[in-house]
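Trainee:
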Amino acid sequence: MRGSAGVFDVAVIGAGAAGMMAAAMAGQRGLQVALIDHAAKLAEKIRISGGGRCNFTNIGTGPANFLSQNPNFCRSALAAYTPRDFIDLVERYGIGWHEKHRGQLFCNDSSESIIDLLRRECDLGRVAWRMPCSVAAVARGNGIFTLRTSLGEIRAHQLVLACGGMAIPQLGATDFALGLARQFGLKVVEPRPALVPLTFEPEHWKAFGTLSGVALEVNVRTGAGKGGTQFLEDLLFTHRGLSGPAILQISSFWNPGEPIVLDLAPGRDLEHELLGAKAGNRQQLGSVLSTLWPRRLAEQWLANARDAQHDIAVMRMADAPDRLLRSLAGQIHRWPLVPTGTAGYKKAEVMRGGVDTRALDQKTMQVKSVPGLYIVGEALDVTGWLGGYNFQWAWASGAACGRAL
Ligand code: FDA
Numbered sequence: 001m002r003g004s005a006g007v008f009d010v011a012v013i014g015a016g017a018a019g020m021m022a023a024a025m026a027g028q029r030g031l032q033v034a035l036i037d038h039a040a041k042l043a044e045k046i047r048i049s050g051g052g053r054c055n056f057t058n059i060g061t062g063p064a065n066f067l068s069q070n071p072n073f074c075r076s077a078l079a080a081y082t083p084r085d086f087i088d089l090v091e092r093y094g095i096g097w098h099e100k101h102r103g104q105l106f107c108n109d110s111s112e113s114i115i116d117l118l119r120r121e122c123d124l125g126r127v128a129w130r131m132p133c134s135v136a137a138v139a140r141g142n143g144i145f146t147l148r149t150s151l152g153e154i155r156a157h158q159l160v161l162a163c164g165g166m167a168i169p170q171l172g173a174t175d176f177a178l179g180l181a182r183q184f185g186l187k188v189v190e191p192r193p194a195l196v197p198l199t200f201e202p203e204h205w206k207a208f209g210t211l212s213g214v215a216l217e218v219n220v221r222t223g224a225g226k227g228g229t230q231f232l233e234d235l236l237f238t239h240r241g242l243s244g245p246a247i248l249q250i251s252s253f254w255n256p257g258e259p260i261v262l263d264l265a266p267g268r269d270l271e272h273e274l275l276g277a278k279a280g281n282r283q284q285l286g287s288v289l290s291t292l293w294p295r296r297l298a299e300q301w302l303a304n305a306r307d308a309q310h311d312i313a314v315m316r317m318a319d320a321p322d323r324l325l326r327s328l329a330g331q332i333h334r335w336p337l338v339p340t341g342t343a344g345y346k347k348a349e350v351m352r353g354g355v356d357t358r359a360l361d362q363k364t365m366q367v368k369s370v371p372g373l374y375i376v377g378e379a380l381d382v383t384g385w386l387g388g389y390n391f392q393w394a395w396a397s398g399a400a401c402g403r404a405l
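Note that the UniProt record's numbering has the sequence shown beginning at 1, numbered continuously upward.
(1) Let me check understanding here. Comparing Cα to Cα, which of F253, T61 and M131 lies closest to L151?
(2) Sort G372, V338 and N58 by Cα distance to T199 and report the nearest one.
(3) Any chance you could list the alpha helix (DSSP H) runs of at least 4 consecutive residues sitting entirely within the segment 158–214, in chain order?
(4) Just to confirm the assignment: which complete beta strand (DSSP E) runs, minimum length 3, are found wholly within the UniProt domain "RsdA/BaiN/AoA(So)-like insert" (192–350)?
(5) With H, G and I counted as helix, E and B as strand and the rest as coil, what does DSSP make of K41?
(6) Rounded to whole angstroms, what's the CA-CA distance from M365 to I375? Just pull it up for me.
(7) On the three-state DSSP scale, how would you describe F145?
(8) Which same chain residues end up closer than 7 Å to M1 when comparing Cβ atoms and leaving out the 5 residues on each side of it in sequence?
(9) What residues are listed by DSSP as bridge partners for N55?
(10) Should E44 and L171 be called a contact, given that it needs their Cβ atoms to be closer than 7 Å?
(11) Could you work out which residue in L270, R306, S251 and D269 is closest to V261 when comparing CA atoms only?
(12) Given 6 Å as the limit, tell me if E299 has its C-beta closer than that to any heavy atom belonging to the ligand ADP.
(13) Run the proximity test for G388: is its beta-carbon closer than 6 Å to any non-hydrogen atom belonging to the ligand FDA?
(14) How would you call T291, buried or exposed, if buried means at least 16 neighbouring beta carbons within 10 angstroms?
(15) Please state the DSSP three-state secondary structure of D123.
(16) Among all the DSSP beta bridges, which residues are the ones paired with L67?
(17) Report yes or no: do three or more beta-carbon pairs, one from the segment 379–396 and one from the segment 67–87, lie closer than 8 Å?
(18) Where does the unbroken alpha helix (DSSP H) through L78 begin, and where does it stop?
(19) If you follow the alpha helix (DSSP H) that R130 is part of, which residue opens it and which one closes it?
(20) From P169 to N281, what distance separates their C-alpha atoms?
(21) Pull up the distance between the alpha-carbon of D85 and that of R102, whole angstroms please.
(22) Here's the rule I'm using: 16 or more other beta-carbon atoms within 10 Å means buried, otherwise exposed. How should Q392 be labelled?
(23) Assuming D9 is part of the alpha helix (DSSP H), what are its boundary residues?
(24) What number of angstroms, rounded off, separates the C-alpha of residue 411 from the C-alpha of F56?
(25) When every heavy atom of the ligand FDA is checked, does at least one fall within less than 6 Å of the C-beta of H310?
(26) Hey, how far is the Cα of A394 from the Cα of A17?
(27) Out of L180, A34 and D263, which one is the CA nearest neighbour of W129?
(28) Quick check on E203: buried or exposed, where buried means 16 or more other Cβ atoms within 10 Å of its Cβ?
(29) Here's the rule: buried if 16 or more other CB atoms are within 10 angstroms of the residue's CB, otherwise exposed. What is P83?
Encoded structure:
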């Protein structure tokens, strides 16, 4: 170790995606690195990611795929370590991959291969593993960080906070990075669950809860005018509300109390289709709608639309007033809903918000006011869309820090 005996060059708290990347790079540059994690099992989030196949990057990654109060912060790290750089690393380890959807790259076999890659990269850098090891307190004096841990005192000249966000506390996620950042005088952008299912008033949702398991492509938007955001993706009905990629994406942009608006037949003109199917058609409206839409959804939608006088599902197409068909099509293309909340951190893929990046140097991830302190990964107020962007941010911010330590 450099300097006085027993002092590491670097201590990294958090052996997840960003922490292993930073530790491996620093170690391979000759620095003595201690990598600390309180979990008994390495990188559980990588293991469960992408349905067990780890959507490890997105080839289209750019600053526009991230939410942050400081949107330009991520630019230089993303430019300095690109998806191609990580793909090269993956290929060097002989890991097979494929593109699934819109630039999303997955392992052919298992996310374990990505964990193994990172572990071996750390070993190449002679990183000293300290896990399971929990950190009770961190102090800084005379340019040295002293960590009080369950494995005794660990001292280092530089400290990297790579403890991630609060999503999935059942896997050991904590707000440790946020607490420590505050201890060092940094601001925190209010953290919230993101990439998370949305929930609705149980009474209101009763009629749709029966659709649990129904999936279809939708357009979903939230926010008005130019500030609005929309995604064309799949939606999934659940017992408590809505999930699926469309909802996870929009959840990051949704603010409590605001509506989301769904187009349940995007890119189509249902009014035209229904009016066009009318002339001389003795089929029931329900049967016709079931040919245009998932059957269970069509049935439930018409049951909900039923009024005191009419069961419109059994009305013959030829008898259905144009006004009714127009209104039905209009409701399907524009379904406004106000979620009551989200399914919370237990079901969220990431945390939105985090340490305010205005306090950091964007090239190195170093805290400007605390020399030697670095923060990387999801703990920062940089939140990627669904689709491999969050791992790309972990690799890129970890690499920026690992090169600068
Ligand atoms: P990460 O969470 O990876 O690591 C933090 C580490 O710090 C953990 O090992 C934790 O144990 C440790 N730690 C926390 N508190 C500590 C403390 N007090 N003391 C010591 N150690 C502590 N992204 C993506 O791009 N593609 C995908 O396919 C998926 N899929 C996915 C599925 C699911 C179910 C979830 C929950 C998340 C994803 N993600 C994803 C998101 C992705 O997993 C996430 O953004 C990155 O893992 C963040 O990397 P970090 O290194 O910042 O944190």
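For every residue, glycine included, the Cβ atom is placed at its ideal position computed from N, Cα and C.
Mentor: Inspection of the coordinates gives the following:
(1) M131
(2) Closest in C-alpha terms to T199, from the list G372, V338 and N58, comes V338.
(3) As far as the segment 158–214 is concerned, its whole alpha helix (DSSP H) runs of at least 4 residues are 176–183 and 202–209.
(4) Runs of the beta strand (DSSP E) inside the UniProt domain "RsdA/BaiN/AoA(So)-like insert" (192–350): 215–222, 229–237, 241–243, 260–263 and 335–337.
(5) coil
(6) 6 Å
(7) When DSSP states are grouped into helix, strand and coil, F145 belongs to the strand group.
(8) Since pLDDT at M1 reaches only 48, below the 50 mark, its modelled position is unreliable, and the value read off the structure follows with that caveat. Excluding five sequence positions before and after M1, the CB atoms of its chain that fall closer than 7 Å to its own CB belong to V7, F8, D9 and Q32, given in chain order.
(9) F106
(10) yes
(11) The residue with the shortest Cα to Cα distance from V261 is S251.
(12) Absence of the ligand ADP is noted for the structure shown, with the ligand FDA being the only ligands found.
(13) Correct: G388 has its Cβ closer than 6 Å to the ligand FDA.
(14) By the 10 Å Cβ count, T291 comes out exposed.
(15) helix
(16) As a beta-bridge residue in DSSP terms, L67 pairs with T383.
(17) yes
(18) R75 to A80
(19) From DSSP, R130 is part of no alpha helix (DSSP H) but of the beta strand (DSSP E) over A128 to R130.
(20) Cα to Cα, P169 sits roughly 56 Å from N281.
(21) 19 Å
(22) buried
(23) For D9, there is no enclosing alpha helix (DSSP H); the enclosing beta strand (DSSP E) covers residues V7 to I13.
(24) For the chain, the structure presents residues 1 to 405; residue 411 sits outside this window and is missing.
(25) no
(26) 6 Å
(27) A34
(28) Looking at its Cβ environment, which holds fewer than 16 other Cβ atoms inside 10 Å, E203 is exposed.
(29) buried
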